[in-house]
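Participant: Protein chains in written order, with the numbering used here: chain A, 1 to 258; chain B, 259 to 516. In this text, a Cβ means the ideal position worked out from N, Cα and C, and glycines have one as well. Once you've had a glance at the structure underneath, I'll fire off some questions.
Now the structure itself:
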């Protein structure tokens, strides 16, 4: 490991753009994760995407050749469920199976628009007008408004598609109020949840991501060191113009090592 | 007619909240429209709603007992088509039948996401994620972005439902850019189109509406006198706090007369 990274005992890795791009692992990423583990470091996986549960991400990670355990995975579906647990019971979901799965694992209940105390909004590729209408009905009744993330888009094989942030914006515009809580990066909640659950001191952790406005911004706000990799959404030109700078810049995650 | 209104020779009437509420005509509204016509005044009908064509609105007006002609109706579907005519040919539509009907009447063509030069976004109660995805694909390709209106909600029998503005906001968030043109009030375009098509001098026209942020705001921006009626969305309390004040306040449209 390069000497400047030796002081970190926990590595908080964003997935898309750091470990893989679409369905292709990024060269050297598997080896880097293995080398981190071999050197006794804790490795945790982060993603704003709320369409998969932890179990779903575990399968994805393993399918791409990354060894992992459920407890190491911080997806916004899991984190949303963790945040809601104890706060509410009945939730109206605008989102996919993985989100519903995590909510149920946390003891929450997917409910209709006239019973829900809360709406949770994630990416929903089966979104309909009716779902927006029902979610708005909850909001007008005063339901809590939780967004899994504000990602405006997500990459697909056909190009960029609308992200959870687009759906959140539609409901904010209709309801005339902002989401009460955003779970995903750049919100600090997922990082804080992981630090708490794994008893990690912020000073010992390095967040690695490919986006300035989510990964780096969220890590800095949470008091973590941040490394930007150039294998994803951000190039050197964006980096120059960036308001919030990462502590380290790596061509790819394998540059953690010599 | 009350003396203060005698100088107006054209009356530009918003519909919902002025002439009817839901499916119920507002008491005295029919008689007021008839009296305006009987006194030789021009009467034009305005609505931001883009789900119906002019023909559709004509049926609605007549069904509620208001005599009208197609050329007197300014709905945002017609106005969007008028604005686009000559500017583009192929349009990707997020909207309902009435919008498609007006575009076709203007010689425009509803097109798929890979051919469209423009997207037009109105209220679409059959909205799906796929439509948002296709509209975004147009925007990323650089298509013109036209919104029929920014109404955040619309009243229904079940309460407020998301308006065209919610769908516009979703696409603005995803594309990272604002709509290039908004047709409906408070944009001045529908008023200007009507003044031009009917050769009305702005100083001779009175706009009558029930909303400060659309009807009154749009009328003032277009250089028209504006009357607010209290039979719709706005009460005296909102009026007190208003930034833009109407020139006249009427309990209802029948108060144009003694």
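1) Of the residues that make up the stretch 315-349 of chain B, which ones have a beta carbon closer than 7 angstroms to any beta carbon in chain A?
2) Since residue 384/B meets chain A, which of its residues come closer than 9 angstroms, beta carbon to beta carbon?
3) Going by DSSP in three states, residue 264/A sits in which element: helix, strand or coil?
4) If you run the structure through DSSP and keep just helix, strand and coil, what is residue 225/A?
5) Measuring CA to CA, which of 57/A, 113/A, 185/A, 128/A is closest to residue 147/A?
6) Does residue 153/A get closer than 8 angstroms to chain B when you measure Cβ to Cβ?
7) If we ignore side chains and look at the alpha-carbon of each, how far apart do residue 361/B and residue 369/B end up?
8) Taking only beta-carbon atoms, is residue 23/A less than 8 angstroms away from chain B?
9) Taking only the alpha-carbon atoms, compute the straight-line gap between residue 86/A and residue 107/A and give it to the nearest angstrom.
10) For the 8 angstroms Cβ check, are there 3 or more pairs between the stretch 316-332 of chain B and the stretch 348-360 of chain B?
11) Can you give me the Cβ contacts of residue 500/B inside the same chain, cut-off strictly under 7 angstroms, excluding the 5 residues immediately before and after it?
12) Can you pull the chain B neighbours of residue 137/A, defined as C-beta to C-beta under 7 angstroms?
13) Buried or exposed: where does residue 53/A fall if 16 or more other Cβ atoms within 10 Å of its Cβ makes it buried?
14) Can you tell me the Cβ-Cβ gap for residue 65/A and residue 30/A, rounded? I've got them flagged as a contact below 8 angstroms.
15) What whole-angstrom Cβ distance do residue 153/A and residue 142/A have, given they're in contact under 8 angstroms?
16) Taking contact to mean 3 or more Cβ pairs, one atom from each stretch, closer than 8 angstroms, check whether the stretch 244-258 of chain A and the stretch 382-392 of chain B are in contact.
17) Starting from residue 133/A, find everything on chain B with Cβ-Cβ shorter than 7 angstroms and list it in chain order.
18) Please identify, using Cβ separations under 9 angstroms, the residues of the stretch 424-436 of chain B that lie next to chain A, in order along the chain.
19) Please confirm if residue 119/A has its CB atom under 8 angstroms from at least one CB of chain B.
20) Buried or exposed: which applies to residue 321/B, given that a residue is buried once 16 or more other Cβ atoms fall within 10 Å of its Cβ?
21) Whose C-alpha, out of 436/B, 483/B, 413/B, 457/B, is nearest the C-alpha of residue 491/B?
22) Measure how close the beta-carbons of residue 266/B and residue 463/B come, nearest whole angstrom, since I'm counting them as under 8 angstroms.
23) Let me see if you follow: with CB-CB separation under 8 angstroms, is residue 441/B close to chain A or not?
24) Please list the terminal residues of the continuous beta strand (DSSP E) segment that includes residue 401/B.
25) If you measure from the beta carbon of residue 140/A to each beta carbon in chain B, is any gap under 8 angstroms?
Facilitator: Let me lay it out:
1) none
2) Indexing the second chain from 1 puts residue 384/B at position 126. What residue 384/B touches in chain A: 128, 129.
3) With chain A covering only 1 through 258, there is no way to say anything about residue 264/A.
4) Taking the first chain and counting its residues from 1, the one referred to as residue 225/A is at position 225. DSSP places residue 225/A in strand when its eight states are reduced to three.
5) Position 147 of the first chain, counted from the first residue, corresponds to residue 147/A. For residue 147/A, the nearest C-alpha among the options comes from 185/A.
6) For the purposes of this step, residue 153/A is taken as the residue at position 153 of the first chain. By this cut-off, residue 153/A is an interface position.
7) By 1-based counting over the second chain, the position of residue 361/B is 103. By 1-based counting over the second chain, the position of residue 369/B is 111. The straight-line gap from Cα to Cα measures roughly 11 angstroms.
8) Residue mapping note: residue 23/A aligns to position 23 of the first chain, counting from 1. Residue 23/A does not count as touching chain B.
9) Working through the first chain from its first residue, we reach residue 86/A at position 86. Working through the first chain from its first residue, we reach residue 107/A at position 107. If I take the Cα positions, the gap works out to 9 angstroms.
10) no
11) Here the question's residue 500/B lines up with position 242 in the second chain. Hits under 7 angstroms: 470.
12) Here residue 137/A refers to the residue found at position 137 of the first chain. Per Cβ cutoff of 7 angstroms: 417.
13) Counting from one through the first chain, the residue named residue 53/A turns up at place 53. The residue in question, residue 53/A, is buried, as its Cβ has 16 or more Cβ neighbours within 10 Å.
14) By 1-based counting over the first chain, the position of residue 65/A is 65. By 1-based counting over the first chain, the position of residue 30/A is 30. Indeed they touch by this definition, with Cβ atoms about 5 angstroms apart.
15) The count along the first chain starts at 1 and reaches residue 153/A at position 153. The count along the first chain starts at 1 and reaches residue 142/A at position 142. The Cβ separation is near 31 angstroms, so there is no contact.
16) The stretch 244-258 of chain A is not in contact with the stretch 382-392 of chain B.
17) Locating residue 133/A in the first chain gives position 133, counting from the first residue. Around residue 133/A, the beta-carbon contacts reaching into chain B at under 7 angstroms are 419, 420.
18) 424, 425, 426, 427, 428, 429, 430, 431, 432, 433, 434
19) As a working mapping, residue 119/A is identified with position 119 in the first chain. Not an interface residue.
20) Walking along the second chain from the start, residue 321/B turns up at place 63. So residue 321/B counts as exposed.
21) Stepping through the second chain from its first residue, residue 491/B is reached at position 233. It is 413/B whose Cα lies nearest to the Cα of residue 491/B.
22) One-based indexing of the second chain puts residue 266/B at position 8. One-based indexing of the second chain puts residue 463/B at position 205. Going by Cβ atoms, the distance from residue 266/B to residue 463/B rounds to 6 angstroms, so yes, they are a contact pair.
23) As a first step, residue 441/B is located in the second chain; it is residue number 183 there, counting from the start. Judged by the 8 angstroms Cβ criterion, residue 441/B is not in contact with chain A.
24) For the purposes of this step, residue 401/B is taken as residue 143 along the second chain, with counting starting at 1. No beta strand (DSSP E) holds residue 401/B; DSSP gives it neither H nor E.
25) For the purposes of this step, residue 140/A is identified with residue 140 of the first chain, where counting begins at 1. Closer than 8 angstroms: yes.
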